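If you read the sequence shown in the numbering used here, its first letter stands for residue 53, the second for the next number, and so on.
Note that beta-carbon positions come from the ideal geometry of N, C-alpha and C, so glycine has one too.
None of the values given here were measured: they were computed from a predicted structure.
Written below as structure tokens is the structure these notes are about.
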Amino acid sequence: HTPVLSWSATDSGVRVTTANDTFEAQKLIVTAGSWSGHLLAELGIPLEVLRKPVLWFEVDDRRRALSGPDAMPVFISDDEHGEFYGIPNFEGHGVKVGMHSGRDVVDPDTVDRTVSDADIRTDIWPFIERSFHGFTGNIVDSSVCMYTMTPDADFAIDRHPEHDRVVFATGFSGHGFKFTPVVGQYLAALASDDTTRVIEDFAINRFAAMSHL
Numbered sequence: 053h054t055p056v057l058s059w060s061a062t063d064s065g066v067r068v069t070t071a072n073d074t075f076e077a078q079k080l081i082v083t084a085g086s087w088s089g090h091l092l093a094e095l096g097i098p099l100e101v102l103r104k105p106v107l108w109f110e111v112d113d114r115r116r117a118l119s120g121p122d123a124m125p126v127f128i129s130d131d132e133h134g135e136f137y138g139i140p141n142f143e144g145h146g147v148k149v150g151m152h153s154g155r156d157v158v159d160p161d162t163v164d165r166t167v168s169d170a171d172i173r174t175d176i177w178p179f180i181e182r183s184f185h186g187f188t189g190n191i192v193d194s195s196v197c198m199y200t201m202t203p204d205a206d207f208a209i210d211r212h213p214e215h216d217r218v219v220f221a222t223g224f225s226g227h228g229f230k231f232t233p234v235v236g237q238y239l240a241a242l243a244s245d246d247t248t249r250v251i252e253d254f255a256i257n258r259f260a261a262m263s264h265l
């Protein structure tokens with residue numbers, strides 16, 4: 053949990069400066085999530101950070117078995133009210149629901165991590181009431197996460213155009229977690245093998261082309 057303040061290229065590799073220390077290495081992989089825009093500012097990647105409240109809600113005893121992973125799948129809803137997603141009740145923690153679409157652009161350093169009544173009542177609570185029978189009205193837990201969005205909602209995974217010892221992955225746009233294993237393998241290959249090809253759909257030069265459309 054030590055903040056990374058900056059990085060720089062050296063004759064033999066890279067130097068990373070944190071709040072507590074300085075580290076040197078031959079290669080660097082930047083996967084800084086919502087802080088990627090700060091650490092890769094010189095690249096001008098058009099990233100927007102969105103604030104995303106999520107809720108875990110309770111269901112009544114009669115329907116609790118139907119909300120567990122043996123009976124309820126991970127789900128996505130897309131209708132006139134927006135895009136929502138949910139995860140079943142694992143170990144009694146409640147059914148997780150969040151809104152995939154919309155929300156406010158924020159600075160990750162100053163984002164409000166408190167889930168307000170307005171956060172609950174504006175979008176997610178109405179979706180729960182529309183979609184689930186047996187909702188007790190009790191919110192078991194809540195949290196605020198962040199999406200790092202690209203203009204096309206696709207990933208940005210590439211080599212640094214000025215420093216070939218640096219690779220990065222960012223802009224997962226709210227749907228990157230499930231790809232973690234393969235993205236990790238791909239980043240390791242990019243960093244360790246110069247012959248590994250950058251996937252064109254994830255390369256950042258596509259954003260320059262978008263700006264001319």
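Val-106 carries a strand assignment under DSSP once its states are collapsed to helix, strand and coil.
Membership of Phe-136 in the beta strand (DSSP E) is indicated by the continuous run 134-139. Secondary structure of Asn-72 (DSSP, three-state): coil. In the DSSP assignment, Ala-77 is bridged to Val-66.
Between His-152 and Asp-193, the beta carbon gap of about 19 Å keeps them out of contact (Cβ cut-off 8 Å). By the Cβ-count criterion, Glu-76 is exposed, with fewer than 16 other Cβ atoms from all chains shown falling within 10 Å of its own Cβ. Between the C-alpha atoms of Leu-57 and Phe-136 there is a straight-line separation of about 35 Å.
When C-alpha distances from Lys-79 are compared across Ser-88, Phe-187, Gly-65 and Ser-225, the shortest belongs to Gly-65.
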